[in-house]
Ligand SMILES: Cc1cc2nc3c(=O)[nH]c(=O)nc-3n(C[C@H](O)[C@H](O)[C@H](O)COP(=O)(O)OP(=O)(O)OC[C@H]3O[C@@H](n4cnc5c(N)ncnc54)[C@H](O)[C@@H]3O)c2cc1C
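Residue numbers (the working numbering): 1 to 315.
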């Protein structure tokens with residue numbers, strides 16, 4: 001018996017599931033894909049509120065996630081480390097609105113420097129899943145056709161959390177949800193430890209994120225583009241831009257390439273209770289549309305989902 005069903009096992013579904021367990025709920029996760037085959041598993045993934053400007057909820061979500069991931073890194077949760085970052089500026093900027101969330105944020109000539117949590121997603125998703133299973137959570141592999149079918153799948157659940165990312169476009173009938181395609185390349189790490197971001201590179205957004213065994217090089221942000229096939233010309237362009245910024249990367253062996261669809265949404269992520277709900281009086285809480293910042297917003301949103309789900313079990 002579970003009292004909450006979470007639909008989706010990406011970063012949003014799993015963080016919601018774990019937070020709900022921490023508040024005394026028994027949780028079943030239903031997912032079409034294994035966590036290792038979600039969009040989340042592809043994320044670079046560093047704390048940064050990519051393309052969320054103007055959404056007044058984001059600073060709180062991102063700040064709470066920063067603190068949670070920093071605490072997890074300090075206690076050795078697999079896959080999370082603090083990552084020094086250099087952000088190249090190609091024009092004058094005001095102090096960014098997200099700086100209050102980043103304790104060591106510093107402005108210098110032509111760049112910002114700061115330290116943020118960096119998450120190695122395949123490792124981290126596995127550790128979240130272990131944590132969920134150890135606390136008694138159950139994971140069911142099943143692709144649902146309609147949200148209204150979910151209450152029949154898991155006996156007793158009074159709340160369903162819809163954390164289906166891009167699929168919420170059809171499942172929740174929300175045309176504001178759309179893909180923002182991102183292509184990335186993994187190369188052997190020549191010994192880098194610092195992330196470099198160049199959001200204003202004239203040839204396209206560029207980032208270099210070292211991990212334990214490789215370096216993730218990016219990227220693209222292509223709203224409305226559904227194609228997940230890797231484009232070789234884009235890979236070549238990413239490699240050239242990154243080597244221009246960090247010459248040690250020139251000639252680094254390419255280990256893998258991938259393209260993923262960020263679950264973007266006009267108006268920002270939808271984190272709210274559905275006004276109608278599901279058959280049988282089951283409460284429906286939406287948590288989707290986090291675009292290029294799902295990892296960055298995950299724990300803050302999960303806190304809000306717990307509140308929307310009714311707070312602590314038995315409260
Ligand atoms: C190249 C790239 C780089 C990125 N870099 C960063 C970064 O540095 N920092 C950052 O914060 N974010 C980054 N992101 C964004 C981040 O990956 C997303 O915001 C995040 O993964 C969204 O998570 P999610 O759980 O909502 O969706 P998903 O990971 O897509 O998970 C959706 C879940 O719903 C399930 N599902 C869907 N339909 C159904 C159905 N019908 N029935 C049952 N289950 C269903 C799926 O199986 C899956 O388990 C990046 C994304 C990309 C592509």
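Note that CB positions come from ideal geometry on N, CA and C, so glycine has one too.
Could you give the DSSP three-state label for residue 319: helix, strand or coil?
Residue numbering for the chain in the displayed model covers 1 to 315; residue 319 lies beyond these limits and cannot be assessed.
From the DSSP output, read off the bridge partner residues of residue 112.
87 and 107
Neighbourhood of residue 58 by C-beta distance below 6 Å, restricted to the same chain and skipping five residues each side
49 and 52
Between the beta-carbon of residue 97 and the beta-carbon of residue 66, is there less than 8 Å?
no
Is the closest heavy atom of ligand 1 to the C-beta of residue 101 under 7 Å?
no
Look at the Cβ atom of residue 39, then the Cβ atom of residue 13, and state whether they are nearer than 8 Å.
no
Below 8 Å on the Cβ atoms is my contact criterion, and I expect residue 131 with residue 300 to pass it. Report the Cβ-Cβ distance as a whole number of Å.
No, residue 131 and residue 300 are not in contact; Cβ-Cβ is about 18 Å, not under 8 Å.
Residues in its own chain within less than 7 Å of residue 306 by CB, not counting five upstream and five downstream?
19, 20 and 23
What is the residue span of the alpha helix (DSSP H) that residue 295 lies within?
294-308
May I have a chain-ordered list of the beta strand (DSSP E) segments no shorter than 3 residues that lie completely inside the segment 5-65?
27-31
Closer than 8 Å is the cut-off here; do at least three beta carbon pairs connect the segment 246-257 with the segment 283-303?
no
Which residue spans inside the segment 152-240 form an unbroken beta strand (DSSP E) run of at least 3?
159-162, 177-188, 195-198, 206-210 and 214-218
Nearest to residue 204 by CA position, among 163, 184, 79 and 176, is which residue?
184
Can you give me the C-alpha to C-alpha distance between residue 117 and residue 146, rounded to a whole angstrom?
36 Å
Sorry if obvious, but does the Cβ on residue 64 come closer than 7 Å to a heavy atom of ligand 1?
no
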